[in-house]
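Read in numbering that gives the first Met the number 0, the sequence shown has 466 at position 467, and its numbers run on one by one without any break. Here a beta-carbon is modelled for each residue, glycine too, at the ideal position from N, C-alpha and C. Computed from a predicted structure; not experimentally measured.
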Amino acid sequence: MSNHRRRPAGERPDFQYIPREPRRHRYLEEDDDEVGYTAPPDDDLVTTGRHAVVYDEPYFDEPHHDERHVDEPHYEEPHLEEPQRHEPHRDYAEPRYEPRYEQPSDIESVYEDGYGPRSYGDARAYREPPADDHPFVDDHVDDPDDAQVYPDDGYDRPQPDVAFAEAETQIISAIPEEIPPSAIPEEIPPTRAAARTQARRRKQARGRARRGKVFGVLAAATVLIVLVGVVFVGGKLFFGGSDAPADYAGPGGPEVVVQVHPGDTAEEIATTLADRDVVASGSAFFNAAVQSNAMNSVQPGFYSLATQIPADDAVQELVDPASRVGQMIISEGRQLHDTTDVQTGAKKKGIYTLISEASCLGDAGQQKCISYDDLNAAGAGDLTALGVPDWAKDSVAGVPDRDRQLEGLIAAGSWDFDPTAGPAAILQRLVSESSASYEKTGILTAGNQVGLTPYKMLVAASLVEREAMPDDFSKVARVILNRLAVNQALQFDSTVNYALDTTELATTDADRAQVTPWNTYASPGLPATPISSPSIGALQAVEQPAPGDWIYFVTIDAKGTTLFTKSYDEHLANIDQALNNGILNSGR
Numbered sequence: 000m001s002n003h004r005r006r007p008a009g010e011r012p013d014f015q016y017i018p019r020e021p022r023r024h025r026y027l028e029e030d031d032d033e034v035g036y037t038a039p040p041d042d043d044l045v046t047t048g049r050h051a052v053v054y055d056e057p058y059f060d061e062p063h064h065d066e067r068h069v070d071e072p073h074y075e076e077p078h079l080e081e082p083q084r085h086e087p088h089r090d091y092a093e094p095r096y097e098p099r100y101e102q103p104s105d106i107e108s109v110y111e112d113g114y115g116p117r118s119y120g121d122a123r124a125y126r127e128p129p130a131d132d133h134p135f136v137d138d139h140v141d142d143p144d145d146a147q148v149y150p151d152d153g154y155d156r157p158q159p160d161v162a163f164a165e166a167e168t169q170i171i172s173a174i175p176e177e178i179p180p181s182a183i184p185e186e187i188p189p190t191r192a193a194a195r196t197q198a199r200r201r202k203q204a205r206g207r208a209r210r211g212k213v214f215g216v217l218a219a220a221t222v223l224i225v226l227v228g229v230v231f232v233g234g235k236l237f238f239g240g241s242d243a244p245a246d247y248a249g250p251g252g253p254e255v256v257v258q259v260h261p262g263d264t265a266e267e268i269a270t271t272l273a274d275r276d277v278v279a280s281g282s283a284f285f286n287a288a289v290q291s292n293a294m295n296s297v298q299p300g301f302y303s304l305a306t307q308i309p310a311d312d313a314v315q316e317l318v319d320p321a322s323r324v325g326q327m328i329i330s331e332g333r334q335l336h337d338t339t340d341v342q343t344g345a346k347k348k349g350i351y352t353l354i355s356e357a358s359c360l361g362d363a364g365q366q367k368c369i370s371y372d373d374l375n376a377a378g379a380g381d382l383t384a385l386g387v388p389d390w391a392k393d394s395v396a397g398v399p400d401r402d403r404q405l406e407g408l409i410a411a412g413s414w415d416f417d418p419t420a421g422p423a424a425i426l427q428r429l430v431s432e433s434s435a436s437y438e439k440t441g442i443l444t445a446g447n448q449v450g451l452t453p454y455k456m457l458v459a460a461s462l463v464e465r466e467a468m469p470d471d472f473s474k475v476a477r478v479i480l481n482r483l484a485v486n487q488a489l490q491f492d493s494t495v496n497y498a499l500d501t502t503e504l505a506t507t508d509a510d511r512a513q514v515t516p517w518n519t520y521a522s523p524g525l526p527a528t529p530i531s532s533p534s535i536g537a538l539q540a541v542e543q544p545a546p547g548d549w550i551y552f553v554t555i556d557a558k559g560t561t562l563f564t565k566s567y568d569e570h571l572a573n574i575d576q577a578l579n580n581g582i583l584n585s586g587r
């Protein structure tokens, strides 16, 4: 019985379907012999298009059908590129046909009415035929919308290799090499559901396009509005206008001291100046500042500026070096009080003098400064109010001369302070910040390695600073520690000079004979206080002295060459060398 004219379920009854391309699953002609076939379980059912085909595990070594020969036209089994199965050959008396098998390139969806791209009349279900075959031109799809891929119908479709390599019930149908025009099927008009789906999708696409254009226009308009606002506001700020920031016209009032902190921006400086009434508004100063390249040279510190002046004038005063106040540099080895060079009579300014000069405010001839005497008196005051650290308080409290109790507690370096503050407040700031810098070197714990308290380490560092060049710091520190270890007098000329407030490379016998708490010729051990402000390098040298057994050292030339030795006889020879070079001649 032939099933060729059976109509698939769901097709239109009034339409005649004529095949025009070979299908993977076709029925035999009416006069063909039927092939025995047993349906597999439902879970092995795979659908392709509208026909269900079952795929079982292939067994290539076992034939499933008996080969038979009949006196009918002969069919030749096509050669498949995928793993091949050899179906039984059948001979027929009809003309010879060569069937063509094309594997689907993609698994495509079906339309809502059940007709997918593999329906009759749709060439998209097949691959392009080989060059030596007769290609078929599909003239059904003349509208691009008709070529859309529709949602999946929910059926599992076999992959091409499974469809051809594992199909044991494949039934082969032949198609003539040349199809007469009369055999070409008519186009299958889409069902109403498919047409509605196509129309809905086209409408949605047009809606998305319109919305994209609208959003693009709105975004461009927003950017334009923002740019116009920035230009409008910026123009008013920088070029003035009815809403220009408030500004003073001058001529200016009394001076005030303002501080520029490290890391301050132009906006922060503008706010500070407005708060101190230097300018009428921070905006006015900011607009003037951003137009001055000199603002880049402004450094952290204190500045004396007139009040109620135009913003442009405030910028000019701020960048003027003469406006900076409360700034000083303390060199290494400087002591609190002024000293006099014995040979030349030149004065060397002490720390109190440097503070006094940096505190001056006002125009030349009318300046007001904190006096040297006021600072010296303040330095002899309460230790806690002066910021003396806890690790130094006990030793400082026992200093025999109260005027010298802060010696060494103000570190060498560059300093800024508010000159409008009182003498005690200024000293408290300097001592507190110096203590913090000393503690960063490890002074609180390093003394355990050398047998000195933190304060005595500071004293030893001041001796190193005054007695040696930086290259010899660690060696001189070792000499100090070695002498202290054997309870030998240090005998440093620098300690003699300190008590006399003088500077001299070589002291006289009379000077060395004067007994003071600082003279290490007359007293064993370290002096009562540091004799200067040591550098951080000198302090680190005491914390980590060079290894050696030296007991003596002496500088032998003007270049600063220093010789170290453990032998006293060698030391005496080195002294003679220094005398010959004129180094140890006091000139008195």
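- Secondary structure at Gln258: strand, using DSSP grouped into helix, strand and coil.
- Checking the DSSP bridge columns, you'll see Val398 has no partner listed.
- Per the coordinates, the alpha-carbon of Tyr567 lies some 10 Å from the alpha-carbon of Trp549.
- Rounded to the nearest whole angstrom, the C-alpha separation of Leu408 and Ala305 is 35 Å.
- Out of Lys392, Gly397, Asp337, Asp381, the CA that lies nearest to the CA of Tyr371 is found in Asp337.
- In the three-state reduction of the DSSP assignment, Lys348 falls in the coil class.
- When rounded, the separation of the alpha-carbon atoms in Leu382 and Thr452 is 19 Å.
- Proximity of the stretch 268–288 to the stretch 329–344 falls short of the contact definition, fewer than three beta-carbon pairs being nearer than 8 Å.
- For the pair Ala288 and Ala321, the CB atoms are not nearer than the 8 Å cut-off.
- Within the same chain, Thr564, His570 come within 6 Å of Tyr551 by CB-CB distance, once the 5 residues on both sides are set aside.
- Here Thr528 carries a coil assignment [DSSP, helix/strand/coil].
- The Cβ atoms of Thr440 and Glu331 do not sit closer than 8 Å to each other.
- Membership of Ile442 in the alpha helix (DSSP H) is indicated by the continuous run 442–449.
- Boundaries of the alpha helix (DSSP H) around Met456: 453–466.
- For the pair Asp373 and Pro418, the CB atoms are not nearer than the 8 Å cut-off.
- With a contact defined as Cβ atoms closer than 8 Å, Ala283 and Ala245 qualify at about 6 Å.
- Glu466 and Phe491 have their C-alpha atoms some 8 Å from each other.
- In this structure, the alpha-carbon of Ala293 lies about 34 Å from that of Ile535.
- In this structure, DSSP gives Ser413 an extended state, which the three-state scheme calls strand.
- Annotation: the stretch 528–557 contains the following complete segments of the alpha helix (DSSP H) (minimum length 4 residues), in chain order: 535–542.
- Taking 8 Å as the upper bound for CB-CB distance, Ser531 and Tyr454 are not in contact here, some 15 Å apart.
- From the listed residues Asp508, Thr494, Pro526, Gly325, the smallest Cα separation to Phe301 is found for Gly325.
- Here Arg403 carries a helix assignment [DSSP, helix/strand/coil].
- Of Asp575, Val514, Ala410, the smallest CA-CA separation from Ile328 is found for Ala410.
- Its chain contains Leu462, Arg465, Glu466, Ile530 as the residues whose beta carbon lies nearer than 7 Å to that of Ser493, once the 5 sequence neighbours on both sides are disregarded; these appear in chain order.
- When the five nearest sequence neighbours on each side are left out, the beta carbons in the same chain lying within less than 7 Å of the beta carbon of Phe285 are those of Ala265, Glu266, Ala269, in order along the chain.
- Gln448 counts as exposed, since fewer than 16 other beta carbons sit within 10 angstroms of its beta carbon.
- Under DSSP, the beta-bridge partners assigned to Ser303 are Val256.
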